[in-house]
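Structure record follows, encoded as structure tokens.
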Amino acid sequence: CIRDSPVTAPVSEQHKPIDVQLHSRSRQLELEYAGGERYSLSCEFLRVYSPSAEVLGHGSGQEVLQTGKINVAITAIKPVGNYALQLVFDDDHDSGLYSWRYLYELCQDQDAKWQDYLARLEKAGAGRDPDVQVLNLGA
Numbered sequence: 006c007i008r009d010s011p012v013t014a015p016v017s018e019q020h021k022p023i024d025v026q027l028h029s030r031s032r033q034l035e036l037e038y039a040g041g042e043r044y045s046l047s048c049e050f051l052r053v054y055s056p057s058a059e060v061l062g063h064g065s066g067q068e069v070l071q072t073g074k075i076n077v078a079i080t081a082i083k084p085v086g087n088y089a090l091q092l093v094f095d096d097d098h099d100s101g102l103y104s105w106r107y108l109y110e111l112c113q114d115q116d117a118k119w120q121d122y123l124a125r126l127e128k129a130g131a132g133r134d135p136d137v138q139v140l141n142l143g144a
């Protein structure tokens, strides 16, 4: 939550960035907030944490681990009303709506979420690179 925001502001306004920039070459989405906070989220991170049924499933415990997304890129960003962004990825995924609040949570929890994702990949014997097969031979 932005510290200088009035408590009465709607949640979506408290977490709405003042600037969003897509850096295509580095595959990073940069978000800047009114308090001077700046965050950079990789396209891969945004794709594997898409708030879509394809990723989240249709209920708790039905999440689908996204693998092989290291090279994914965002091809378009579409505003959805005044509350979210629709990110279109080059793997044809476009069904997640990233609310301002969810994007801010991803910014705030990026390190922990990334480590959790890497741990889940390792446990599943899967990888980030679609061209590399991972074999876990440990006991």
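In the working numbering, each residue carries its 1-based index in the sequence shown increased by 5.
Ideal placement from N, C-alpha and C gives every residue a C-beta, glycine not left out.
Neighbourhood of residue i by C-beta distance below 7 angstroms, restricted to the same chain and skipping five residues each side
{"i": "tyrosine 103", "result": "Pro56, Ala89, Leu90 and Leu92"}
{"i": "glycine 64", "result": "none"}
Contacts around residue i, its chain only, beta-carbon distance under 8 angstroms, and the 5 residues preceding and following it disregarded
{"i": "tryptophan 119", "result": "Phe50"}
Which of helix, strand or coil DSSP assigns to residue i
{"i": "valine 53", "result": "helix"}
{"i": "glutamine 71", "result": "coil"}
{"i": "glutamate 37", "result": "strand"}
{"i": "aspartate 24", "result": "strand"}
{"i": "tyrosine 107", "result": "helix"}
Pick from the options that is closest to residue i, judged by C-alpha positions
{"i": "glycine 130", "options": "His20, Gly66, Gln71 and Val25", "result": "Gln71"}
{"i": "leucine 27", "options": "Ser100, Leu111 and Ile82", "result": "Ile82"}
{"i": "histidine 111", "options": "Leu46, Val25 and Pro135", "result": "Inspection of the sequence shows that residue 111 is occupied by leucine rather than by histidine. Checked all of Leu46, Val25 and Pro135; the closest Cα to leucine 111 is Leu46."}
{"i": "valine 69", "options": "Ile79, Ala78 and Ala58", "result": "Ala58"}
Residue i, buried or exposed, once every other Cβ within 10 Å from all chains shown has been counted against 16
{"i": "lysine 128", "result": "exposed"}
{"i": "glutamine 67", "result": "exposed"}
{"i": "arginine 32", "result": "buried"}
Proximity of residue i and residue j at Cβ, strictly below 8 angstroms
{"i": "aspartate 114", "j": "isoleucine 75", "result": "no"}
{"i": "aspartate 24", "j": "glutamate 42", "result": "no"}
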